[in-house]
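Asks:
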Amino acid sequence: MRIEWLNQGTMVSGSATAAGVSRRGFMKAGAVAGGGLVLGFFMPGAGRWANAQQAPAKVYEPNAFLHIAPDNTVTVQVNRLEFGQGVQTSLPMLIAEELDADWSQVRGALAPAGDQYKDPAFGIQITGGSGSIAHSYTQYREIGAKARQMLIAAAAEQWKVPAAQIKTVKGTLIGPAGQKATYGSLADAAMKQPVPATVTLKDPKDFTLIGKPTKRLDARAKSTGKQQFGMDFKAPDSKVAVVARPPVFGAKVAKFDASKAKAIKGVIDVLEVKTDRGGSGVVVIADGYWPAKSARDALAIDWDTSGVDKVSSEKQVAEYKALAQKAGSPVRTADTSKLAGAAKKISAVYEFPYLAHAPMEPLNCVVDLRKDGCTVWAGSQFQTVDQGAIAATAGLKPEQVVLNTMMAGGGFGRRAVPTSDYLVEAVNIAKVWQAAGHKEPIKVIWSREDDIKGGYYRPSHVHRADIGIDAKGEIVAWDHVIVGQSITSGTPFEPMMVKNGVDSTMVEGMGEPYEVPLNLSAHTVKANVPVLWWRSVGSTHTAFVMETLIDEAAHAAKMDPVAYRKKLVGEKGKRHIAALDLAVAKSGYGKKALPKGQAYGVAVHESFNTVIAYVVVASVKNGTPKLHKVTAGVHCNTAVNPLTIEAQIQGAALMGLGMTLSGAAITLKDGVVEQQNFSDYTVARMTDMPVIDVHIVPSNDPPTGMGEPGLPPLAPAFANALFKLTGKRLRKLPFDLASA
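Residue numbering for the sequence shown follows the numbering used here, beginning at 98 and increasing consecutively.
Pasting the structure below:
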């Protein structure tokens, strides 16, 4: 049996399971190392992407979710990508809570691609949609609860006492006569017990771990530089590959001269290779990154850009604006006849640019391609999709591909690509490398410039809004049009996400929770620019439009913007009001006077079933906006780990602030992306960071998503504060006060 090493020393066999699981069930398997109890679990879900499972579901031999070793160490397989959001701590917390484990002995390991690790709601293995905790909350708790019952059954059998008389405390079983045994000592015996069909989960009032601020399991390794990320991993004898990709998406190599590149010490080969979107490029393979990168710089390449569209941003925005004046495909209908006779009118056009994901760690992966299989190490958000794409490209079956999940330094959606672009490219490199007579594994590294110029951006959009307000301040008509590219058209997600020709991600976040007569339509355009979800997806632009327009309507109605929002919120908005009231109360809004030159701004928005309300304090100095403080009211139902939630809000708010900063835009001229690094593509930095206070609405309801919802309301809250200071309504991102 071939053994492949995973991150953190975990081992799995060289084979991988392939298709879906058809029924709910717990499964046992022998311990992967040194004996112990191992449990796996899969629960088919009813999420909006669950229908993506096309093949007939089958039952496969499981891998482990939970391993209790003889030394009492509890290792939890995390079925997600850990890339800063904290799932390698929060998911083990769920199992440890119901297991009554000793938290000091709990560890987290990132699971490879495997059917048992599929998201219970989405039906694929994925880290996205802010679903990690929300979808696995019951799943992981039940794993812990059933493992605990099996341990109790083993102890009862050994001690000859009723199971009901045995207690569990911090990884120890305690019998009625004072008998004691560690989980580790009984793990093998517990594995032989039947898996309980059902268990009773803890009442939230009895939680000892869930809801308690818990330090991250990976904090020490990351803070000391010991944590291994994908970029750090190197397979034995592997070589480094760097690719010269076409300057225009989909273009091809006409000819190239590699003589100077091959003369650089350490360069092994220079080859033409297929790239994304039907294009081609030139790959340099060398002993290390620097000779590969230097050789790429020395290449002389003539590109064939015929037959591919060449987008220019200025022209595109003008076309979008013209299209926005016409009604698009209907999304939501309402009577607009009262616009003409309204006492007051708001007419606005909003512009949003393309945005790069720009994670701290650029894309990378290691590919070991063999005749009988392929092993890949990558920080994948889309293990199921990527495993299938790797197999198809390599001419293998999915079960012949082992995809090892590596720790990643951010992603924000860029590592969840329906085309699996960077992994498909890497396998194509491995194929031409082998065809040229080589056999070593290949490590493909993207530079920062490759990452920013490499495509898959948040789409650019234009909104046009016309709102009528009567003499009482009521919104009587609202006509709204959105123009932009579809993220999901042409992907496996299209059947679930595109309705009446409109990508639901383009319009999500519009209207609710406000009871307004919104007439909404959308135009879907095509452009030779690859687009993808970006942290909080459609809410990156819809929240800004909604929350600045509601604020503007409040001003027109001469009402306080908080009171106006609460007036418009319907029955569905109880959680919105709770989050807003909490943020307002904690911020001092309406009670605490601010220093001269500062103003409050408010916004509230729901995405991924979580409501975030922000009350911000801002100022303007020498024409430059400055954000001083953010007070967050968070309604995410049960807060599994408040420390993680606080970190998510802080990171998302800073990223949301980054959208407002000058230079935070991807622009194109004649099909070529004009930005290439942080010198000309702005991201928020430590110096931009405001004070952020996070307050969570108490709840015992099942948790909702947290990875993305903190981003959308930040920019509109900031813009609303700036209006109070300048009297200018900001209609585009990034902010430009001079032209507003």
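Quick reminder that beta carbons are idealized off the backbone N, C-alpha and C, glycines included.
#1: At what residues does the alpha helix (DSSP H) containing L188 begin and finish?
#2: Does the Cβ-Cβ distance between H673 and E644 come in under 8 Å?
#3: Throw me the rounded Cβ distance for the A397 and I361 pair, which I believe falls under 8 Å.
#4: Is the beta carbon of V381 less than 8 Å from the beta carbon of V370?
#5: With a threshold of 8 Å on Cβ separation, who are the neighbours of S544 within its own chain once the five nearest residues in sequence on each side are excluded?
#6: Using C-beta distances below 6 Å, list every residue in its chain close to Y451, excluding the 5 sequence neighbours before and after it, in chain order.
#7: Less than 8 Å separating the beta-carbons of L758 and A781?
#8: So within the region 185-272, which uninterrupted alpha helix (DSSP H) runs reach at least 4 residues, ignoring any that extend past its ends?
#9: Is it buried or exposed for K243, if we count other Cβ within 10 angstroms and need 16 for buried?
#10: Which residue or residues does DSSP assign as beta-bridge partners of F884?
#11: Taking a contact to mean a Cβ-Cβ separation below 8 Å, would you say K441 touches I566 in this structure?
#12: To the nearest angstrom, how far is it from the Cα of V337 to the Cα of A392?
#13: Can you give the Cα-Cα distance for P787 and Y447, rounded to whole angstroms?
#14: Which of helix, strand or coil does DSSP assign to Q497?
#15: Keeping to the same chain, check which residues put their C-beta closer than 8 Å to that of P301; ignore five residues upstream and five downstream.
#16: With distances taken Cα to Cα, identify the nearest neighbour of D767 among T321, P189, P344.
#17: From what residue to what residue does the alpha helix (DSSP H) around Y519 run?
#18: So, helix, strand or coil for M656, using DSSP?
#19: Quick one: is Q582 buried, meaning 16 or more other Cβ sit within 10 Å of its Cβ, or exposed?
#20: Taking the C-alpha atoms as reference points, what is the distance between L740 and A421?
#21: Let me know the secondary structure DSSP gives R662 once reduced to three states.
#22: Ordered along the chain, which non-local residues of its own chain (more than five positions away) have a Cβ less than 6 Å from that of K829?
#23: Report, in whole angstroms, the separation of the C-beta atoms of G476 and L178, which I expect to be a contact under 8 Å.
#24: On the criterion of 16 or more Cβ atoms from any shown chain inside 10 Å, does V666 qualify as buried, or is it exposed?
#25: With distances taken Cα to Cα, identify the nearest neighbour of T279 among V731, T269, F775, T585.
#26: Between E591 and N169, what straight-line distance do the alpha-carbon atoms span, to the nearest angstrom?
#27: Can you tell me whether S119 is helix, strand or coil according to DSSP?
#28: Return the residue from the list L283, T224, Q276 that minimises the CA-CA distance to A250.
#29: Measure how close the beta-carbons of G327 and A206 come, nearest whole angstrom, since I'm counting them as under 8 Å.
#30: Comparing alpha-carbon positions, which option in A690, N625, A700 lies nearest S403?
#31: Do you know how far the Cα of A419 is from the Cα of T621?
#32: Would a C-beta distance cut-off of 8 Å place D483 and T472 closer than the cut-off?
Replies: On the basis of the data shown:
#1: Residue 188 sits at position 91 when you count from the first residue of the sequence shown. Unbroken alpha helix (DSSP H) run through L188: 184-196.
#2: For this step, residue 673 is matched to residue 576 along the sequence shown. For this step, residue 644 is matched to residue 547 along the sequence shown. Not closer than 8 Å, so no.
#3: To locate residue 397, count along the sequence shown from 1; it is residue 300. To locate residue 361, count along the sequence shown from 1; it is residue 264. Going by Cβ atoms, the distance from A397 to I361 rounds to 14 Å, so no, they are not a contact pair.
#4: Locating residue 381 in the sequence shown gives position 284, where the first residue counts as 1. Locating residue 370 in the sequence shown gives position 273, where the first residue counts as 1. Cβ atoms of V381 and V370: not closer than 8 Å.
#5: Your numbering for residue 544 matches position 447 in the sequence shown. Closer than 8 Å at Cβ, skipping near neighbours: V339, K390, P459.
#6: Residue 451 sits at position 354 when you count from the first residue of the sequence shown. Counting only Cβ-Cβ distances below 6 Å, and skipping sequence neighbours, we find Y554, S557, I763.
#7: Within the sequence shown, residue 758 is the residue found at index 661, counting from 1. Within the sequence shown, residue 781 is the residue found at index 684, counting from 1. Contact flag set, yes.
#8: Qualifying alpha helix (DSSP H) stretches, in chain order: 229-256.
#9: As a first step, residue 243 is located in the sequence shown; it is residue number 146 there, counting from the start. Buried is the call here.
#10: Here the chain covers residues 98 to 837 and nothing more, so residue 884 does not appear.
#11: Position 344 of the sequence shown, counted from the start, is the residue given in the question as residue 441. Position 469 of the sequence shown, counted from the start, is the residue given in the question as residue 566. Result yes, Cβ atoms of K441 and I566 sit closer than 8 Å.
#12: Counted from its first residue, the sequence shown places residue 337 at position 240. Counted from its first residue, the sequence shown places residue 392 at position 295. Their backbone Cα atoms lie some 12 Å apart in a straight line.
#13: Position 690 of the sequence shown, counted from the start, is the residue given in the question as residue 787. Position 350 of the sequence shown, counted from the start, is the residue given in the question as residue 447. If I take the Cα positions, the gap works out to 26 Å.
#14: Position 400 of the sequence shown, counting from 1, holds the residue named residue 497. Q497 sits in a helix when the DSSP states are folded into three classes.
#15: Taking the first residue of the sequence shown as 1, we reach residue 301 at position 204. Same-chain partners within the cutoff: I307, G308, T735, N797.
#16: As a first step, residue 767 must be located in the sequence shown, where it is residue number 670. Closest by alpha carbon: P344.
#17: The sequence position of residue 519 within the sequence shown is 422, counting from 1. Its alpha helix (DSSP H) spans residues 518-532.
#18: As a position in the sequence shown, residue 656 is number 559, starting the count at 1. Note: M656 maps to coil in three-state DSSP.
#19: Start at 1 with the first residue of the sequence shown, and residue 582 comes out as number 485. So Q582 ends up on the buried side.
#20: The residue you call residue 740 lines up with position 643 of the sequence shown. The residue you call residue 421 lines up with position 324 of the sequence shown. Just so you know, the alpha carbons of L740 and A421 end up roughly 43 Å apart.
#21: If you number the sequence shown from 1, residue 662 lands on position 565. It is helical.
#22: Taking the sequence shown and counting its residues from 1, the one referred to as residue 829 is at position 732. For K829, where only same-chain residues beyond five positions count, the Cβ hits under 6 Å are E448.
#23: The residue labelled residue 476 in the question sits at position 379 within the sequence shown. The residue labelled residue 178 in the question sits at position 81 within the sequence shown. At roughly 6 Å, the Cβ-Cβ gap stays under 8 Å, so G476 and L178 are in contact.
#24: Residue 666 sits at position 569 when you count from the first residue of the sequence shown. Counting Cβ neighbours within 10 Å, V666 comes out buried, since at least 16 surround it.
#25: One-based indexing of the sequence shown puts residue 279 at position 182. Out of V731, T269, F775, T585, T269 has the C-alpha closest to the C-alpha of T279.
#26: Residue 591 sits at position 494 when you count from the first residue of the sequence shown. Residue 169 sits at position 72 when you count from the first residue of the sequence shown. When rounded, the distance between both Cα atoms is 47 Å.
#27: Position 22 of the sequence shown, counting from 1, holds the residue named residue 119. Interpretation of S119 is limited by its pLDDT of 28, a score under 50 that renders its predicted location unreliable; no figure is taken from the coordinates.
#28: Translated into the one-based positions of the sequence shown, residue 250 becomes position 153. Among L283, T224, Q276, the Cα nearest to that of A250 belongs to L283.
#29: Start at 1 with the first residue of the sequence shown, and residue 327 comes out as number 230. Start at 1 with the first residue of the sequence shown, and residue 206 comes out as number 109. With a Cβ gap of about 15 Å, G327 and A206 do not count as contacting.
#30: Within the sequence shown, residue 403 is the residue found at index 306, counting from 1. When only C-alpha atoms are compared, the closest one is N625.
#31: Mapped onto the sequence shown, residue 621 falls at position 524. Mapped onto the sequence shown, residue 419 falls at position 322. Computed Cα separation, rounded: 14 Å.
#32: Here residue 483 refers to the residue found at position 386 of the sequence shown. Here residue 472 refers to the residue found at position 375 of the sequence shown. No, these two residues do not count as a Cβ contact at 8 Å.
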